[in-house]
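Structure, as structure tokens:
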Amino acid sequence: MKPRLKPLNEQVIVITGASSGIGLATAEAAARAGARLVLVSRNETALAEIEHRLDHTGDRVMHMVADVGNREDVERVATEVIYRFGGFDTWINNAGVSVWGRLDQVSDDDHWRVMQTNFWGTFYGSTIALAHLRSKGGAIINIGSVESETPLPFHASYSASKHAIKALTDTMRVELEKVSAPVSVTLVRPTSTDTQFIDHSKNEHSSAPTLAPPAYAPETVADAILHAAQHWQRDVYIGNAKPPSELAGQVPRAFDWLKGKVTANWTPRRRHDDYPNGVPHRMTRQTWPGGSTAPSGHPDSLLPTVSLRVRQHPVATAALVAIGVMAAVTLLRRKH
Numbered sequence: 130m131k132p133r134l135k136p137l138n139e140q141v142i143v144i145t146g147a148s149s150g151i152g153l154a155t156a157e158a159a160a161r162a163g164a165r166l167v168l169v170s171r172n173e174t175a176l177a178e179i180e181h182r183l184d185h186t187g188d189r190v191m192h193m194v195a196d197v198g199n200r201e202d203v204e205r206v207a208t209e210v211i212y213r214f215g216g217f218d219t220w221i222n223n224a225g226v227s228v229w230g231r232l233d234q235v236s237d238d239d240h241w242r243v244m245q246t247n248f249w250g251t252f253y254g255s256t257i258a259l260a261h262l263r264s265k266g267g268a269i270i271n272i273g274s275v276e277s278e279t280p281l282p283f284h285a286s287y288s289a290s291k292h293a294i295k296a297l298t299d300t301m302r303v304e305l306e307k308v309s310a311p312v313s314v315t316l317v318r319p320t321s322t323d324t325q326f327i328d329h330s331k332n333e334h335s336s337a338p339t340l341a342p343p344a345y346a347p348e349t350v351a352d353a354i355l356h357a358a359q360h361w362q363r364d365v366y367i368g369n370a371k372p373p374s375e376l377a378g379q380v381p382r383a384f385d386w387l388k389g390k391v392t393a394n395w396t397p398r399r400r401h402d403d404y405p406n407g408v409p410h411r412m413t414r415q416t417w418p419g420g421s422t423a424p425s426g427h428p429d430s431l432l433p434t435v436s437l438r439v440r441q442h443p444v445a446t447a448a449l450v451a452i453g454v455m456a457a458v459t460l461l462r463r464k465h
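If you read the sequence shown in our numbering, its first letter stands for residue 130, the second for the next number, and so on.
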């Protein structure tokens, strides 16, 4: 039985990694929809500013500084949310870090940091959220990546962490379905997204890496996340994330060869890296007066894809198709 999920304006939503990028875009969209929010990040300054901007009544948004790679921090978040709001309905594990470099260039400490934040942060968030949601129902949404199935060269630990998140999410979903627990478990898999993700990442190369075009607006990913908070979904692919996964499964050796050829054109190349050690506390999208956001400058930022809209709104899509067919039939009859 699929879990019944509440509309956003009746939900309390926890978002990790909420101070920038996809997390920030999700917080902004959820606030507009009337959800109560708990914003989690290591960046106190950014969180305080975002809470002030989004919470017009003073009782709808709270923020907590926490390192998701530390179980005690995540437990503290859950305890405080239950005390403040009486519980939560959706938990979004979005926090993540990255390091670029050849496998043997990156230090063990940096590999460990990526896995601790990305995988263990998602593990702690999922299991702690589940303890609360198992009886009352709700949604756990984990942010994977196109790299959850198709790893990239020079991005080993990040790709490994996203593979691990996929395995964790799939395992948890099956275990919960087996006992008919009223919890929806979703893996969202974005492709390149128009944030300053590269600037946030540590880089062991002499030049800055670039992401494969086109890049999708973080609002597109946020829309998909919040749709999953209201409607049961197993997997959500953003943009062109699904075809590479399918190709890798069907012709793996050919895909490895192709990936080596293609990624050579858009991973580390001739672009000066202004932030070789990353900018871990810099907001991904600059906040401007009036509550708007300025884009990060990617030339190919895209709005939601047609395929994503179709998956999110199957009934409306079917109705539009039916109307189109009826109109075509009527037009043909008139001609004859």
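Glycine residues also receive a C-beta, built at the ideal position from the N, C-alpha and C atoms.
Since the structure is predicted, the reported quantities are computational estimates derived from the model, not experimental observations.
Query	Result
Rounded to whole angstroms, how far is the Cβ of residue 244 from the Cβ of residue 286, which I believe are closer than 8 Å?	6 Å
Check for me: the alpha helix (DSSP H) holding residue 364 runs from which residue to which?	That residue, residue 364, is in no alpha helix (DSSP H); its beta strand (DSSP E) goes 364-366.
Considering only heavy atoms of the ligand PLP, does any lie closer than 7 Å to the CB of residue 167?	In the structure on display, the ligand PLP does not appear, and there are no ligands present to speak of.
Three-state secondary structure (DSSP) at residue 417?	Confidence at residue 417 is low in this model, with a pLDDT of 30, below 50, so the placement of that residue is unreliable and no value is reported for it.
Going by other Cβ atoms of all chains shown within 10 Å of its Cβ, with 16 needed for buried, is residue 309 buried or exposed?	exposed
In the DSSP assignment, find the unbroken alpha helix (DSSP H) run with residue 255 in it and report its ends.	250-265
Hey, residue 145 and residue 197: beta-carbon distance below 8 Å or not?	yes
Which residues in the same chain have their Cβ closer than 7 Å to the Cβ of residue 203, if we skip the five residues on either side of it in sequence?	195, 197, 253, 254, 257
Could you give the DSSP three-state label for residue 161: helix, strand or coil?	helix
Is it the case that the Cβ atoms of residue 132 and residue 266 are separated by a distance below 8 Å?	yes
Taking only three categories from DSSP, how would you classify residue 172?	coil
Does residue 220 pass the burial test, meaning 16 or more other C-beta atoms within 10 Å, or should it be called exposed?	buried
On a Cα-Cα basis, can you pick out the residue from 240, 212, 344, 269 that is closest to residue 297?	269
Helix, strand or coil: which one does DSSP assign to residue 286?	helix
On the premise that residue 330 lies in contact with residue 228, defined as a C-beta separation below 8 Å, what is that separation, rounded to the nearest angstrom?	6 Å
What's the C-alpha gap between residue 316 and residue 181?	30 Å
Helix, strand or coil: how does DSSP classify residue 361 here?	coil
Could you work out which residue in 213, 184, 250, 271 is closest to residue 357 when comparing CA atoms only?	271
Do you know how far the Cα of residue 169 is from the Cα of residue 303?	28 Å
Please say whether residue 288 and residue 281 have beta carbons closer to each other than 8 Å?	yes
Between the alpha carbons of residue 442 and residue 283, how many angstroms are there, rounded?	Reliability fails at residue 442, whose pLDDT of 46 lies under 50, so the model's placement of it is uncertain and no value is given.
Taking only three categories from DSSP, how would you classify residue 166?	strand
Which same chain residues end up closer than 6 Å to residue 363 when comparing Cβ atoms and leaving out the 5 residues on each side of it in sequence?	none
For residue 319, does the count of other Cβ atoms within 10 angstroms reach 16, so buried, or fall short, so exposed?	buried
Give me the residue from 249, 174, 185, 314 with the minimum Cα distance to residue 157.	185
According to DSSP, is residue 309 part of a helix, a strand, or is it coil?	coil
Whose C-beta lies closer than 6 Å to the C-beta of residue 141 among residues of the same chain, with five residues either side of it excluded?	165, 214, 217, 218
Does DSSP put residue 268 in a helix, a strand or coil?	strand
Who does residue 331 pair with in a DSSP beta bridge?	228
If you measure between the beta carbons of residue 179 and residue 153, is that distance less than 8 Å?	yes
Please list the terminal residues of the continuous alpha helix (DSSP H) segment that includes residue 243.	237-244
Take residue 323 as the anchor and find which of 305, 345, 306, 313 has the nearest alpha-carbon.	345
DSSP three-state label for residue 247, please.	helix
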